[in-house]
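**Student:** Residue numbers (my numbering), protein chains in the order written: chain G, 1 to 18; chain H, 19 to 258. Where is the CB? At the ideal position from N, CA and C, for every residue including glycine.
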Amino acid sequence: KKKDNALLRYLLDKDDTV
Amino acid sequence: GPRMPHLVMEFLRCDPDERQLQNKITAHLQQMGWEKEGNPGTFSLMCLMADQTLFSIVEWARTSIFFKQLKVNDQMKLLHSCWSDLLLLDIITRQVLYGKEGSLLLVTGQEIKLTDIASHAGPTLASLVQRGQELVEKLHILKVDRQEFACIKFLILFNPGGKQLEDHHYIESVQEQVEGALLEYTLCISSHLLGRFAHLLLFLSELRSLSSLAEDYLYCKHLSNEVPCNNLLIEMLHAK
């Protein structure tokens with residue numbers, strides 16, 4: 001199920017690693 | 019102007035600039051090969067615009083007060099349950115603040131005559147457009163302003179109902195704060211005690227029921243392979 005939401009997760013997560 | 023609650027100013031500050039959004043999405047569509055004066059009435063172009071608008075909605079949420087404190091899992095749950103409300107609100111807000119009667123103003127700044135849409139639409143789409151138009155007219159009469167739309171966006175986003183949220187109490191407390199700020203603001207600008215606030219909450223429930231129908235419509239279109247491959251839009255359609 002997580003795979004299905006990969007893009008949204010990426011968009012929300014992308015700056016949190018900086 | 020009226021004395022503005024601090025939180026309402028903060029919501030306005032989070033709101034993306036309409037012109038910047040217009041330029042960004044127009045540039046993206048041109049990059050994909052859509053002519054500016056091409057054929058904006060096609061369903062697939064509307065889907066592309068909706069997809070790009072969704073990206074901007076996620077970016078708005080991600081960088082907004084209160085939301086950025088949440089864990090990604092809760093952020094996803096909130097967005098999954100309200101993306102179509104936010105998308106429809108975006109369209110309606112544009113019509114109320116910048117649109118002209120009888121036409122649909124797109125995020126790219128292009129305008130489509132409602133009669134043109136009606137002549138090409140099937141009964142389901144025609145009824146969705148008609149109901150959307152009625153909502154726009156109601157908000158026009160109320161003269162709903164940017165501040166109120168900004169609050170409504172946050173009310174839609176921070177809806178704790180029916181979801182397994184880790185930070186349920188926090189989300190509930192944000193919702194209460196947003197409601198409080200909107201109530202305070204409407205009391206400042208309207209002499210009708212509570213009337214305006216109640217009208218806005220009623221609008222919110224009407225918006226939700228319309229966006230749910232619009233989502234069903236899009237999902238059916240998707241099942242019959244009529245929605246072009248728009249990443250985020252398709253992903254959201256699958257989320258429920």
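So who's on the other strand from L160 (chain H), going by DSSP bridges?
**Tutor:** Here residue 160 (chain H) is taken as the residue at index 142 of the second sequence, counted from 1. In the DSSP output, where bridge partners are listed per residue, L160 (chain H) has none listed.
**Student:** For D35 (chain H) and A168 (chain H), which I take to be in contact (beta-carbon distance under 8 Å), what is that distance rounded to the nearest angstrom?
**Tutor:** Within the second sequence, residue 35 (chain H) is the residue found at index 17, counting from 1. Within the second sequence, residue 168 (chain H) is the residue found at index 150, counting from 1. That pair is no contact at about 13 Å.
**Student:** Under 7 Å Cβ-Cβ, which residues of chain G neighbour Q93 (chain H)?
**Tutor:** Against the second sequence, residue 93 (chain H) aligns to sequence position 75. The contacting residues are L12.
**Student:** Ends of the alpha helix (DSSP H) at E36 (chain H)?
**Tutor:** Looking up residue 36 (chain H) in the second sequence gives position 18. Its alpha helix (DSSP H) spans residues E36 to Q49.
**Student:** Determine the contact status of L47 (chain H) and T126 (chain H), defining contact as a CB-CB distance below 8 Å.
**Tutor:** Here residue 47 (chain H) is taken as the residue at index 29 of the second sequence, counted from 1. Here residue 126 (chain H) is taken as the residue at index 108 of the second sequence, counted from 1. Result yes, Cβ atoms of L47 (chain H) and T126 (chain H) sit closer than 8 Å.
**Student:** Between V90 (chain H) and chain G, is there a C-beta pair that is closer than 8 Å?
**Tutor:** For the purposes of this step, residue 90 (chain H) is taken as residue 72 along the second sequence, with counting starting at 1. Closer than 8 Å: yes.
**Student:** Under the three-state reduction of DSSP, which class applies to C247 (chain H): helix, strand or coil?
**Tutor:** The count along the second sequence starts at 1 and reaches residue 247 (chain H) at position 229. In this structure, C247 (chain H) counts as coil in the three-state DSSP scheme.
**Student:** Nearest to H186 (chain H) by alpha carbon, out of H:G150, H:D108 and H:N91?
**Tutor:** Taking the second sequence and counting its residues from 1, one reaches residue 186 (chain H) at position 168. Taking only the C-alpha atoms, the option nearest H186 (chain H) is H:N91.
**Student:** Indicate whether the contact test is met: 3 or more Cβ pairs, each with one atom in the segment 146 to 165 of chain H and one in the segment 60 to 71 of chain H, closer than 8 Å.
**Tutor:** no
**Student:** Just to confirm, are I174 (chain H) and D103 (chain H) a CB contact at a threshold of 8 Å?
**Tutor:** The count along the second sequence starts at 1 and reaches residue 174 (chain H) at position 156. The count along the second sequence starts at 1 and reaches residue 103 (chain H) at position 85. Contact: yes.
**Student:** Does the beta-carbon distance from S121 (chain H) to L106 (chain H) come in below 8 Å?
**Tutor:** The residue given as residue 121 (chain H) occupies position 103 in the second sequence. The residue given as residue 106 (chain H) occupies position 88 in the second sequence. Against a cut-off of 8 Å, the Cβ pair of L106 (chain H) and S121 (chain H) comes out as no contact.
**Student:** Name, going along the chain, the residues of the segment 183 to 201 of chain H whose beta-carbon falls closer than 9 Å to a beta-carbon of chain G.
**Tutor:** none
**Student:** Could you tell me whether any Cβ in chain G is nearer than 8 Å to the Cβ of E233 (chain H)?
**Tutor:** Stepping through the second sequence from its first residue, residue 233 (chain H) is reached at position 215. No, no contact with chain G.
**Student:** Indicate whether at least one CB of chain G lies closer than 8 Å to the CB of L236 (chain H).
**Tutor:** Translated into positions along the second sequence, residue 236 (chain H) becomes position 218. For L236 (chain H), the answer is no, since every Cβ of chain G falls outside 8 Å of its Cβ.
**Student:** Quick one: Cα of S137 (chain H) to Cα of L66 (chain H), how far?
**Tutor:** Within the second sequence, residue 137 (chain H) is the residue found at index 119, counting from 1. Within the second sequence, residue 66 (chain H) is the residue found at index 48, counting from 1. Spanning the two alpha carbons is a distance of roughly 21 Å.
**Student:** Where does E129 (chain H) sit, in a helix, a strand or coil, going by DSSP?
**Tutor:** Here residue 129 (chain H) corresponds to residue number 111 of the second sequence, with the count starting at 1. In the structure shown, E129 (chain H) sits in a strand (DSSP, three-state: E or B).
**Student:** From which residue to which residue does the alpha helix (DSSP H) around L201 (chain H) run?
**Tutor:** As a working note, residue 201 (chain H) is residue 183 in the second sequence. Unbroken alpha helix (DSSP H) run through L201 (chain H): H186 to I207.
**Student:** Taking DSSP's pairing of strands, which residues face S260 (chain H) in a bridge?
**Tutor:** Nothing can be reported for residue 260 (chain H), as the shown portion of chain H is limited to 19 through 258.
**Student:** Using 8 Å as the threshold, is the C-beta distance between L124 (chain H) and Q113 (chain H) below it?
**Tutor:** Translated into positions along the second sequence, residue 124 (chain H) becomes position 106. Translated into positions along the second sequence, residue 113 (chain H) becomes position 95. No, the pair does not count as a contact, with Cβ atoms beyond the cut-off.
**Student:** Step through the CB atoms of chain G and report whether any lies within less than 8 Å of the CB of A144 (chain H).
**Tutor:** One-based indexing of the second sequence puts residue 144 (chain H) at position 126. Judged by the 8 Å Cβ criterion, A144 (chain H) is not in contact with chain G.
**Student:** Is L255 (chain H) closer than 8 Å to L72 (chain H) when the C-beta atoms are compared?
**Tutor:** On the second sequence, position 54 is the one that residue 72 (chain H) refers to. On the second sequence, position 237 is the one that residue 255 (chain H) refers to. No, the pair does not count as a contact, with Cβ atoms beyond the cut-off.
**Student:** Using a threshold of 8 Å, state whether the C-beta atoms of L200 (chain H) and F215 (chain H) are closer than that.
**Tutor:** As a first step, residue 200 (chain H) must be located in the second sequence, where it is residue number 182. As a first step, residue 215 (chain H) must be located in the second sequence, where it is residue number 197. It is a contact, given that the beta carbons lie within the stated cut-off.
**Student:** What residue range does the alpha helix (DSSP H) around L97 (chain H) cover?
**Tutor:** Taking the first residue of the second sequence as 1, we reach residue 97 (chain H) at position 79. Segment V90 to Y116, the alpha helix (DSSP H) holding L97 (chain H).
**Student:** Compare the C-beta of R80 (chain H) with all C-beta atoms of chain G and state if any pair is closer than 8 Å.
**Tutor:** Looking up residue 80 (chain H) in the second sequence gives position 62. Interface residue, yes.
**Student:** Given L88 (chain H), which residues of its chain have a CB within under 8 Å of its CB, disregarding the five upstream and five downstream residues?
**Tutor:** Position 70 of the second sequence, counting from 1, holds the residue named residue 88 (chain H). L96, D185, Y188 and I189, listed in sequence order.
**Student:** In three-state terms, what does DSSP make of A144 (chain H)?
**Tutor:** The count along the second sequence starts at 1 and reaches residue 144 (chain H) at position 126. The three-state reading of DSSP puts A144 (chain H) in helix, counting H, G and I together.
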